[in-house]
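Student: The structure under discussion is supplied below as structure tokens; questions concerning it will follow.
2 protein chains.
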Amino acid sequence: MDGSDVDIIRHFEEYCGLEEDDRALLNELERHPMTLSAGDLLWEEHQTADAFYVLRKGWAYSYRAMNDGTRQVLDVYLPGDVIGLREFSFYKRLSSVAMLTEVSLGRISYRYLISLFGSSHRLTALFFSMLAGQQALLTERLVNVGRRNARDKLAHFICEMYMRLKRVYPELPQHFCMPLSQQMLADILGLSSVHVSRTFSELRETGLVYRDRNRISIPDPELLIRATGFSDHYLHERVSDQLFESETLWQETGLSSRSAAGDRSMAADPD
Amino acid sequence: MDGSDVDIIRHFEEYCGLEEDDRALLNELERHPMTLSAGDLLWEEHQTADAFYVLRKGWAYSYRAMNDGTRQVLDVYLPGDVIGLREFSFYKRLSSVAMLTEVSLGRISYRYLISLFGSSHRLTALFFSMLAGQQALLTERLVNVGRRNARDKLAHFICEMYMRLKRVYPELPQHFCMPLSQQMLADILGLSSVHVSRTFSELRETGLVYRDRNRISIPDPELLIRATGFSDHYLHERVSDQLFESETLWQETGLSSRSAAGDRSMAADPD
DNA sequence: CGGAAAATTGATGTAATTCAAGTCGAGTGG
DNA sequence: CCACTCGACTTGAATTACATCAATTTTCCG
Chain A
0 MDGSDVDIIR HFEEYCGLEE DDRALLNELE RHPMTLSAGD LLWEEHQTAD AFYVLRKGWA
60 YSYRAMNDGT RQVLDVYLPG DVIGLREFSF YKRLSSVAML TEVSLGRISY RYLISLFGSS
120 HRLTALFFSM LAGQQALLTE RLVNVGRRNA RDKLAHFICE MYMRLKRVYP ELPQHFCMPL
180 SQQMLADILG LSSVHVSRTF SELRETGLVY RDRNRISIPD PELLIRATGF SDHYLHERVS
240 DQLFESETLW QETGLSSRSA AGDRSMAADP D
Chain B
0 MDGSDVDIIR HFEEYCGLEE DDRALLNELE RHPMTLSAGD LLWEEHQTAD AFYVLRKGWA
60 YSYRAMNDGT RQVLDVYLPG DVIGLREFSF YKRLSSVAML TEVSLGRISY RYLISLFGSS
120 HRLTALFFSM LAGQQALLTE RLVNVGRRNA RDKLAHFICE MYMRLKRVYP ELPQHFCMPL
180 SQQMLADILG LSSVHVSRTF SELRETGLVY RDRNRISIPD PELLIRATGF SDHYLHERVS
240 DQLFESETLW QETGLSSRSA AGDRSMAADP D
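What follows is the structure, given as structure tokens:
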């Protein structure tokens with residue numbers, strides 16, 4: 000993609016305001032990045048899970064391979080996304096993860112995440128938010144795969160990618176690189192690769208989307224969005240800041256405190 | 000269903016060991032249950048989101064309604080499940096939630112959840128785990144909807160329900176109540192209701208599953224599991240206890256500690 | 001330049017949808 | 001208790017959106 004790393008900290012702040020300590024903790028991430036090439040596997044299904052990663056640069060995806068040789072792609076990861084938080088409550092990976100481009104990754108062990116629970120509530124909320132945000136993407140994909148025809152699946156997915164990329168690269172032009180083969184798109188959308196090809200032809204003929212190799216161009220984004228009925232409501236609106244506004248809620252109770260339990264009655268039946 | 004409430008605390012302990020204080024915090028939940036009847040809505044898409052719920056008794060589901068009148072069901076909730084954690088990072092609900100039976104619910108505001116981040120690491124990990132576990136269910140459903148034929152979709156879903164119910168009611172017999180109409184199953188699996196009917200006939204004729212009204216019976220669970228290639232790997236194996244074993248990890252290092260990050264290089268190359 | 005992978009295109013097959021008519025069962029009210 | 005309704009389910013026939021197979025063409029990359 001474009002050569003430069005994404006500023007992870009700035010990106011994260013879109014989810015949740017951070018304080019100095021939080022930034023310091025995150026900076027740790029930046030210090031020992033790991034790089035992989037297109038096609039490399041980060042892990043495979045059933046391997047032991049003990050960490051998650053933050054994608055600092057490049058594209059990646061997770062997938063489940065089926066017995067009959069087909070596969071279903073579960074997530075497409077862009078810079079700033081978190082990979083492998085799903086298995087926090089499992090012993091083993093539920094899906095394989097592979098790289099679509101050269102990538103740069105920061106690793107965070109689950110144990111370190113748990114230690115973060117104790118040291119930064121904001122980072123706890125941040126990763127909580129990212130997990131929730133990913134779930135929102137998944138539910139939208141489920142709707143897409145379960146209830147739309149091929150044209151709408153593809154158009155909707157391209158809309159989603161366009162909007163997600165725009166959040167990472169606000170200057171994104173109307174034609175951009177999407178390093179996904181038609182076979183990959185088929186595996187994402189639950190279609191066959193030849194039908195993806197035909198569907199691209201259809202989108203081209205109706206002037207909605209043009210594709211040349213990996214470059215997508217959307218002559219009129221508004222038109223595409225209307226034609227698809229796309230709504231970006233599931234692409235994150237940060238909320239954590241508000242929730243943190245009344246810091247007293249827990250700050251008065253102190254870090255080590257179980258005393259918050261005493262406040263329980265006050266806070267339990269909220270609002 | 001069966002009349003009695005599920006013991007939420009005991010259920011939660013399957014995810015993560017709890018200490019006395021944690022139990023006290025959770026007990027608060029039990030104090031003001033809310034009851035709704037079959038068909039009632041808990042909320043609708045686009046309503047403001049400020050809390051999640053723990054389902055103490057009964058069945059519920061979430062769904063997205065489409066423009067063309069169809070809909071996609073996103074989750075089916077059983078006792079012990081958590082509803083609405085997904086919108087933690089959003090202003091508004093992403094899906095509607097309705098009841099399938101009479102239910103009992105405990106409410107936890109997002110603000111209270113955040114205060115929990117400060118007062119109990121174990122509960123933080125618990126809710127983190129539940130969110131992750133739900134994501135695992137979603138990914139499996141995505142595979143189901145995207146890559147299987149009608150027979151396998153239905154058989155797989157019934158397997159999943161059987162296994163999930165068995166975790167809640169270990170004594171569950173081989174025939175049990177599943178309060179889902181064929182239309183509902185169609186909305187879950189991305190099929191039409193008439194094809195669900197035909198598919199049940201097929202399962203009946205091959206002796207895998209019998210359905211009478213809302214009662215499902217599985218004469219030979221092992222056979223069904225094999226016929227479907229069902230694997231329960233995505234239905235939770237708790238991991239938190241291990242992660243918490245060496246409590247020193249964060250207790251010693253305290254707030255500013257980097258030391259956990261130092262493990263990175265050691266563990267960076269997974270397995 | 002040459003071989004391989006990705007994409008296109010056409011012909012054919014099929015799993016699932018849609019439409020429509022009819023059955024069954026539960027609940028209601030006379 | 002029976003007749004009525006209403007929703008859930010069943011079954012058949014016609015249609016369709018997609019998959020599969022196969023033959024080319026195009027693009028990539030060493």
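Residue numbers (numbering that gives the first Met the number 0), protein chains in the order written: chain A, 0 to 270; chain B, 0 to 270. Glycine included, every Cβ here is placed at the ideal spot set by N, Cα and C.
Kindly identify the DSSP beta-bridge partner or partners of V272 (chain A).
Tutor: Given that chain A is displayed from residue 0 to residue 270, the structure contains no residue 272 (chain A) and the question cannot be resolved.
Student: Using 8 Å as the threshold, is the C-beta distance between A59 (chain A) and M98 (chain A) below it?
Tutor: Closer than 8 Å, so yes.
Student: Which of the residues in the segment 3-15 of chain B, read from start to end, lie with their CB under 7 Å from any CB of chain A?
Tutor: Listed by position along the chain: Y14.
Student: Restricting to Cα atoms, I'd like to know which of A:V102, A:L179 and A:H120 is closest to D327 (chain A).
Tutor: Missing from the structure shown is residue 327 (chain A); chain A here goes from 0 to 270 and no further.
Student: Of the residues A:A37, A:C15, A:G16 and A:L130, which one's Cα is nearest the Cα of F271 (chain A)?
Tutor: Past the edges of chain A, shown from 0 to 270, lies residue 271 (chain A), and the structure says nothing about it.
Student: Ends of the beta strand (DSSP E) at L104 (chain B)?
Tutor: Looking at the DSSP string, the run of the beta strand (DSSP E) that includes L104 (chain B) is V102 to S108.
Student: Interface residues of chain B around V142 (chain A) at Cβ under 7 Å?
Tutor: The answer, in chain order, is R63 and Q71.
Student: Chain B partners of A135 (chain A), CB-CB under 9 Å?
Tutor: Those within 9 Å of A135 (chain A) in chain B are R85, E86, S88, F89 and L93.
Student: For Q173 (chain B), name the three-state secondary structure that DSSP assigns.
Tutor: Coil.
Student: Can you tell me the Cα-Cα spacing of L153 (chain B) and R70 (chain A), whole angstroms?
Tutor: Rounded to the nearest angstrom, the two C-alpha atoms are 19 Å apart.
Student: Under the assumption that I8 (chain B) contacts L24 (chain B) (Cβ atoms under 8 Å), give the Cβ distance between them as a whole number of angstroms.
Tutor: With a Cβ gap of about 10 Å, I8 (chain B) and L24 (chain B) do not count as contacting.
Student: Going along chain B, which residues have a C-beta under 7 Å from T123 (chain A)?
Tutor: The answer, in chain order, is F116 and T123.
Student: Taking DSSP as the reference, what is the three-state secondary structure of I52 (chain A)?
Tutor: A small fix is needed here, since residue 52 (chain A) is Tyr in this sequence, not Ile. Strand, per DSSP.
Student: Sort B:T227, B:L179 and B:E204 by Cα distance to M212 (chain B) and report the nearest one.
Tutor: As written in the sequence, residue 212 (chain B) is Arg, which differs from the Met given in the question. Ranking the options by Cα distance to R212 (chain B), first place goes to B:L179.
Student: Which residues of chain B have a Cβ atom closer than 7 Å to the Cβ of E236 (chain A), listed in chain order?
Tutor: Residues of chain B passing the Cβ test: F89 and Y90.
Student: Within the same chain, show all residues whose beta-carbon is closer than 8 Å to that of T227 (chain B), passing over the 5 residues directly before and after it, in chain order.
Tutor: D151, A154, H155 and C158, listed in sequence order.
Student: Which of helix, strand or coil does DSSP assign to V81 (chain A)?
Tutor: Here V81 (chain A) sits in strand by DSSP.
Student: For a minimum of 3 consecutive residues, which ranges assigned as the beta strand (DSSP E) are wholly contained in the segment 132-192 of chain A?
Tutor: Entirely contained in the segment 132-192 of chain A, the beta strand (DSSP E) runs reaching 3 residues are, in chain order, 174-176.
Student: Please classify D67 (chain B): does DSSP put it in a helix, a strand, or coil?
Tutor: Of the three classes helix, strand and coil, the one that applies to D67 (chain B) here is coil, per DSSP.
Student: Give me the subset of the segment 174-194 of chain A whose CB atoms are less than 8 Å from a CB atom of chain B, sorted by chain position.
Tutor: For the segment 174-194 of chain A, which is checked against every Cβ of chain B, the residues closer than 8 Å are L188 and G189.
Student: With a cut-off of 8 Å on the beta carbons, I'd call Y168 (chain A) and P220 (chain A) a contact; round off their distance for me.
Tutor: Between P220 (chain A) and Y168 (chain A) the Cβ distance is about 15 Å, and since that is not below 8 Å, they are no contact.
Student: Classify T205 (chain B) as helix, strand or coil using the three-state DSSP reduction.
Tutor: The answer is coil: DSSP assigns T205 (chain B) none of H, G, I, E or B.
Student: Can you tell which of B:L93, B:R55, B:L202 and B:Q182 has the C-alpha that lies nearest to the C-alpha of R30 (chain B)?
Tutor: Ranking the options by Cα distance to R30 (chain B), first place goes to B:R55.
Student: Assess, as a yes-or-no matter, whether the segment 115-132 of chain A is touched by the segment 34-44 of chain A under the definition of 3 or more beta carbon pairs within less than 8 Å.
Tutor: Segments in contact, no.
Student: Using a 10 Å radius around the Cβ and a threshold of 16 neighbouring Cβ atoms, would you call E139 (chain A) buried or exposed?
Tutor: It is buried - the Cβ of E139 (chain A) has at least 16 other Cβ atoms within 10 Å.
Student: Compare the C-beta of S103 (chain B) against all C-beta atoms of chain A and say whether one is closer than 8 Å.
Tutor: No, because no Cβ of chain A sits closer than 8 Å to the Cβ of S103 (chain B).
Student: Nearest to I217 (chain B) by CA position, among B:D231, B:A185 and B:L171, is which residue?
Tutor: The shortest C-alpha separation from I217 (chain B) is found at B:L171.
Student: Run the proximity test for N143 (chain B): is its beta-carbon closer than 7 Å to any non-hydrogen atom belonging to the ligand ATP?
Tutor: Of the ligands one can find in the structure shown there are none, so the ligand ATP has no counterpart to examine.
Student: Go ahead and pull the three-state DSSP assignment for V75 (chain B).
Tutor: Strand at V75 (chain B).
Student: Can you list the residues of chain B that G155 (chain A) reaches, using a CB-CB cut of under 7 Å?
Tutor: Correcting the residue type first, residue 155 (chain A) is His in the shown sequence and not Gly. Going along chain B, no residue has its Cβ under 7 Å from H155 (chain A), so there is no contact; the nearest lies around 12 Å.
Student: Cα-Cα, which of A:N148, A:L136, A:S95 and A:L84 is closest to F126 (chain A)?
Tutor: Taking only the C-alpha atoms, the option nearest F126 (chain A) is A:L84.
Student: Alpha helix (DSSP H) containing T227 (chain B): first to last residue?
Tutor: Here the alpha helix (DSSP H) through T227 (chain B) covers P220 to T227.
Student: How would you write the range of the beta strand (DSSP E) that L35 (chain A) sits in, first residue to last?
Tutor: From DSSP, the beta strand (DSSP E) with L35 (chain A) extends over M33 to L35.
Student: Taking the alpha-carbon positions, what's the N53 (chain B) to E27 (chain B) distance?
Tutor: Checking the displayed sequence, the identity of residue 53 (chain B) turns out to be Val instead of Asn. If you take the alpha carbons of V53 (chain B) and E27 (chain B), they lie about 12 Å apart.
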